[in-house]
Structure formats: C-alpha cells, structure tokens
Amino acid sequence: MRKKIIAGNWKMNVKPSETAALVKAIAEATRQYPDVEVVCCTPAIDVPAAVAAAAGTHVGVGTENCHWKESGAYTGEISTGMIVDSGAKYVIVGHSERRQYFGETDETVNLRARAAIAAGLTAIVCIGETLEEREAGRLNEVIERQMNVGLKDIAAADCAKLVIAYEPVWAIGTGKTATPDQAQEVHALIRATLARLVGAETAETVRIQYGGSMKPGNAAELLAKKDIDGGLIGGAALKADSFAGIIEAAQAAK
Ligand code: PEP
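Numbering (the working numbering), first residue to last: 929 to 1182.
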C-alpha cells in the first residue's frame, strides 16, 4: 500500500517573510488528513522559516534543487549536506524548468538524485515529455531515456527515498491537465520501466506523482487511478485552501 504524497513546488514565488504564515495555514488546513504525506518544497532561502513553522506538524519541507558535490566553488548552488543541516527532508530534482532554463540534463539529474538519496533525503525526480515529443510519437522513448539515465545506479535499496513525478511539460502552469487515462498510461509505463531497473517487487513500492495543473477540481479523478500515488503541485500549492483541497482528495482516494 503506497501512502499518497502531495508536494507543493513553490518555485520562485514566496518570500521568507511570507513563508511561516503559508506553512502554518497548510498545516492547519490539512491536519485532518493523516493518511497523506504533505510536503512544501520551497526556495532554499525560505527553508529555515518553513522548517520552524512546520515543527510539530505533519508537514515536511523540501528544496527545489541540490548540487551533487558536498562543498566547493559552485557559486549559487546548495549541497545535500546543507539541506540536511537546514532540517529539510525532501528535494525536487530535474524539474522541467531546471531542464529548460538552467541546462539540466538526464546526467545531472542522475548525479543530483544519487547525492540526495545518499544524504538521506527523499528525491522527487521529475520526468515528462514536451508537446512536440508527444505529438511526434516519442513519449515512450523520452520517458525510458529519462529513467534509464536519470535513475542509473539507483538500487532497489535506495528506492524508499525515491519518488518519481510524471509532469508532462505541456501541462505545467498551462491549465491543461493530462486526462486521468493519459496520465495513468504513462504512470504504468513508468512502473514497468522501474520494474526493469530495480525489480518488480520494489517498483510496486515506489510512489509516482502526477504534476501539471492539478487542482482541487481535477485531483480526485487523477488520484483514483491505480498508479497515481500523489501530486506535485505548482500554482495550487500557493494557497492553503486549494492545496488542502487536493490533499483532501488524496485522503479520499487512499
Ligand atoms: C510544477 O511546477 O511542478 C507544476 C506541476 O506546476 P502547476 O501545478 O502550476 O502546473
């Protein structure tokens, strides 16, 4: 039985001075849904405030990126050791915006994911196709490549710290959502690919989130699908009531 996991990706949207209020409002609005793992992935500069506000609640905190080196001359980057030291427990790796705007590749996704898992963080590894790739019939090839390279050398024993987020790039921040059947089809492909990489038994334990314009109004039908184990939420994670609406749907779908 996989515990549903709903994670917010705040992106570059919330200031440190606004963080405690949002985390506390989310904790308050979702405390009646104990069967759902609730996470706020925040800009690194918000993490201390988020961790302090989440203390004693069921809300976990994560970052939106990490570097694979422990320390050194990597201006602007944060290491997994820094993330652990800050009290955060999760990190998003390979978000499509990192791939699109910051040169992230499947190879660097792999380095970051392995470093995160080795540090004891839960890595939320994002994969997904662009509209051009889908329309060119390359969906399966893209997902398999992103997994073969991005998850290379991640062993079955590491998978307790692995979450995969399937985020069709064309659905992120666009208001276009994959239909539940479209999403389930790709989630099934991801689980089958995972089975090849780490074994069928372990593949059954790994949570696969859907991300891309998920909101309270469409969450229930997505989360009802067999292989959809949660959501990675952008826009709807910035307001406690909309984020809580998705978490309520996840609790009902458990
Ligand atoms: C995301 O950025 O991971 C995301 C899914 O964004 P949105 O929910 O706004 O589409």
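C-beta: ideal position from N, C-alpha, C; glycine also.
Does the beta carbon of residue i fall short of 7 Å from some heavy atom of the ligand PEP?
i, result
"His1115", "no"
"Gly1173", "no"
"Met940", "no"
"Ser1170", "no"
"Asn937", "yes"
"Gly984", "no"
"Ser1014", "no"
"Leu1059", "no"
"Lys1177", "The sequence given here has Ala at residue 1177, not Lys. No, since every heavy atom of the ligand PEP falls outside the 7 Å radius drawn around the Cβ of Ala1177."
"Gly1139", "yes"
"Ile1161", "yes"
"His995", "no"
"Ile1100", "yes"
"Ala1147", "no"
"Met1075", "no"
"Glu1032", "no"
"Gly1095", "Per the sequence presented here, residue 1095 reads as Glu, with Gly not at that position. Flag set: Cβ of Glu1095 near the ligand PEP."
"Ala1164", "yes"
"Met1142", "yes"
Who are the near neighbours of residue i in its chain, counting only those whose CB is closer than 6 Å to its CB and skipping five residues on each side?
i, result
"Asn1146", "Thr1105"
"Thr1058", "Val1097"
"Glu965", "Lys931, Ile933"
"Pro1108", "Glu1149, Leu1150, Lys1153"
"Asp1034", "Gln1074, Val1077, Gly1078"
"Ala1123", "Ala1131"
"Ala1099", "Thr1105, Ala1106, Gly1140, Ser1141"
Can you give the beta carbon distance from residue i to residue j, rounded, assuming they're within the 8 Å contact cut?
i, j, result
"Lys1017", "Thr1050", "6 Å"
"Thr970", "Val942", "7 Å"
"Ser1024", "Val1097", "5 Å"
"Cys1054", "Val1021", "7 Å"
"Ala1044", "Val1019", "5 Å"
"Ile1052", "Ala935", "6 Å"
"Glu1095", "Gly1056", "4 Å"
"Ser1014", "Val1077", "The pair is not a contact, with the Cβ atoms about 29 Å apart (cut-off 8 Å)."
"Gly880", "Pro1144", "In this structure the chain extends from 929 to 1182, so residue 880 is not present and cannot be described."
"Val1012", "Gly990", "With a Cβ gap of about 11 Å, Val1012 and Gly990 do not count as contacting."
"Leu1160", "Trp938", "The Cβ separation is near 11 Å, so there is no contact."
Within the same chain, show all residues whose beta-carbon is closer than 8 Å to that of residue i, passing over the 5 residues directly before and after it, in chain order.
i, result
"Asp1169", "Ala957"
"Gly1101", "Ser1141, Gly1162, Gly1163"
"Ile1118", "Ile1055, Ile1071, Met1075, Ile1092, Tyr1094, Ile1136, Asp1155"
"Ile954", "Gly936, Val966, Cys968, Val987, Ala1168, Phe1171, Ala1172"
Grab me the residues of residue i's own chain with a C-beta within less than 7 Å of its C-beta, minus the 5 sequence neighbours each way, in chain order.
i, result
"Ala1116", "Asp1155"
"Glu1061", "Leu1067, Val1070"
"Val951", "Cys968, Ala978, Ala981, Ala982, Val987"
"Arg1026", "Asn993, Glu1032"
"Asp1086", "Ile1045"
"Asp1081", "Arg1042"
"Leu1090", "Ile1045, Ala1051, Val1053, Ile1082, Val1134"
"Asp1157", "Arg930, Lys932, Ile933, Arg1135, Ile1136, Gln1137"
"Glu998", "Ser1007, Gly1009"
"Ala1084", "Val1126, Gly1127, Thr1130"
"Ile1175", "Ile934, Thr958, Tyr961, Val964, Val966"
Original post:
Contact between the region 992-1007 and the region 976-983: three or more CB pairs below 8 Å?
Top reply: no
**OP:** Determine, using beta-carbon pairs with one atom in the region 1175-1182 and one in the region 1130-1137, whether at least three such pairs fall under 8 Å.
**Re:** no
Subject >> Touch test, the region 1031-1038 against the region 1063-1070, Cβ-Cβ under 8 Å, three pairs minimum >> reply: no
Original post:
Given 8 Å as the limit, is there contact between the region 947-961 and the region 1007-1014, that is, 3 or more CB pairs closer than that?
Top reply: no
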